[in-house]
Structure formats: structure tokens, C-alpha cells
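First up is the structure itself, then whatever we jot down about it.
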């Protein structure tokens with residue numbers, strides 16, 4: 001799936017709005033959070049600076065440069081998106097989420113490990129940003145993007161996570177997978193089995209993390225089914 005190729009900037013903006021509201025309906029964001037989609041090597045679109053569940057249908061999204069000053073009215077943490085896009089040509093979308101299981105696990109300075117199928121999509125590692133401060137300057141955003149490396153997600157201690165994907169659909173799906181992996185990880189810890197419960201080896205996780213068979217498409221359809229701008 002590549003929304004931009006399918007319909008240009010208007011389609012990309014629609015996908016951002018749908019993603020924003022869908023992340024909210026799934027409980028992965030609340031009053032805080034943001035999502036963006038890459039337009040080209042130099043620019044991306046980010047959702048309006050309002051609670052994501054309240055993004056109106058048809059409202060414009062803001063075009064942001066990958067490098068340079070943020071446009072007026074754009075949230076300061078969108079520098080995170082800039083830093084990721086600048087480092088990762090493979091990233092087509094970025095989700096900044098505040099999901100409850102990820103948040104609880106992060107307070108323990110823990111990240112999900114590949115203990116079930118969905119967790120395999122985040123292997124070989126979910127990075128940890130061990131700092132509770134908000135990231136509102138370029139130096140901190142760059143440091144977080146460096147820590148993310150070539151991974152799909154970085155958990156921020158007491159502050160949610162950043163999830164990336166090759167498309168906005170995959171970034172949203174991976175955000176849901178991260179939350180489910182955090183749920184499983186917390187249950188393993190509650191059972192006192194954090195050190196004894198099996199972790200899926202990297203090679204097995206890579207074989208399990210397939211996208212064929214409509215994996216992303218079906219989850220995207222599930223998450224966006226109630227959206228006013230989703231396709232019939």
C-alpha cells in the first residue's frame with residue numbers, strides 16, 4: 001500500500017486524518033500524539049495539532065520540511081518526525097503514540113520482546129529512550145532517532161513510543177502490534193516468568209513477520225472501518 005502513489009497529496013492528507021482518528025479509536029493515543037506521512041525526500045504531512053480523535057474530516061494537514069524550521073502552529077515534538085525521515089529513506093510514515101500497555105511497561109524501563117506472533121514484526125529489537133522529558137529541541141530529537149536506528153519502534157520511558165513503517169498503513173498496524181506486544185510482556189512479568197518465558201529467536205521472528213496475504217491490509221481495514229473518510 002502506498003497512499004501517495006495512489007492519489008497524490010490529497011490522498012496522503014486523507015490517510016493521515018484516517019490514521020489519526022483510528023489510532024484514537026484503538027486507544028493508542030488520547031489528547032496527545034501525532035502521525036505523519038512522507039510526501040517525498042524533502043517534505044511530509046502531519047496531522048493538525050488537536051487530539052487525534054477530534055481531527056475533522058477534510059481538514060488540511062500541514063506540509064513540513066524534513067530539514068529546517070517547523071511551520072507555525074506545528075507541535076514541537078514533530079521534530080522527531082523530521083529527525084527520523086532525515087535518517088531513514090525507508091520510512092514512509094511516523095506514529096507518535098501514548099498507548100497504556102506501552103506506557104506501563106516503559107515505567108519499568110522495559111520494552112516488549114518477541115514472545116508472540118505480532119511481536120515478531122518488531123524484532124530484532126524495540127529500542128528504549130530512557131528519559132522522561134519531552135523532546136522539543138532538535139538535538140534531543142536527533143539523539144532519539146539515532147537510538148531508534150533501523151528498528152520499527154522506540155519506547156520512551158513514561159512517555160509512550162515512536163513507531164515507523166514503510167507506509168502509513170504499516171506504521172499504524174505496527175503501533176497496534178507494539179501495544180499488543182507490551183500487553184503480552186506485562187503478563188509475562190506478572191506471572192514472574194520474565195526470565196524463563198521463551199523469546200522467539202531473531203531468525204524465527206524474521207520468518208514469522210511476513211506481510212503477504214493481506215496482513216497489513218486486513219488490520220488497517222479493521223482499525224479504520226468506522227472512519228467517516230474510509231473507503232466503503
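In full-length UniProt numbering, the protein residues as written are 1 to 232. We put the CB at the ideal spot given by N, CA and C, even for glycine.
I'd like the span of the alpha helix (DSSP H) that includes residue 100, first residue to last. 100-106
Could you pull the DSSP bridge partners for residue 161 from this structure? 97 and 155
Just to confirm my understanding: we take residue 5, look at its own chain, exclude 5 residues before and 5 after, and list those with CB closer than 7 Å. What are they? With a pLDDT of 44 at residue 5, under the threshold of 50, the modelled position of this residue cannot be trusted; read the value that follows with caution. Closer than 7 Å at Cβ, skipping near neighbours: no residue.
Three CB pairs or more closer than 8 Å across the segment 48-66 and the segment 176-184: no
Sequence-distant residues of the same chain with beta carbon closer than 8 Å to residue 41, five excluded per side: 66 and 89
Check whether chain C comes within 7 Å of residue 113, counting only Cβ atoms and requiring the distance to be less than that. No chain C appears in this structure, which consists of one protein chain only.
Mapping the DSSP letters down to three states, classify residue 210 as helix, strand or coil. coil
Simplified DSSP assignment, three categories, for residue 36: strand
Which listed residue (75, 104 and 150) has its alpha carbon closest to that of residue 132: 104
Supposed contact pair residue 155 and residue 272 - C-beta distance, whole angstroms, cut 8 Å: Residue 272 lies beyond the stretch modelled for the chain, which goes from 1 to 232, so this question has no answer here.
Would you kindly check if the distance between the Cβ of residue 117 and the Cβ of residue 190 is under 7 Å? no
How many angstroms separate the CA atom of residue 22 from the CA atom of residue 149? 27 Å
Residue 233 and residue 17 closer than 7 Å at C-beta: There is simply no residue 233 to check, as the chain begins at 1 and stops at 232 in what is shown.
Could I get the ranges of all uninterrupted beta strand (DSSP E) runs contained in the segment 12-64, with 3 residues as the minimum, in chain order? 34-38 and 43-46
I need the DSSP call for residue 186, collapsed to helix, strand or coil. helix
So does the segment 75-85 actually touch the segment 135-149, counting three or more Cβ pairs closer than 8 Å? yes
My output table needs one value for residue 128: the three-state DSSP class, helix, strand or coil. strand
If we call anything under 7 Å between Cβ atoms a contact, is residue 114 one with residue 123? yes
Nearest-angstrom Cα separation, counted from residue 171 out to residue 165: 4 Å
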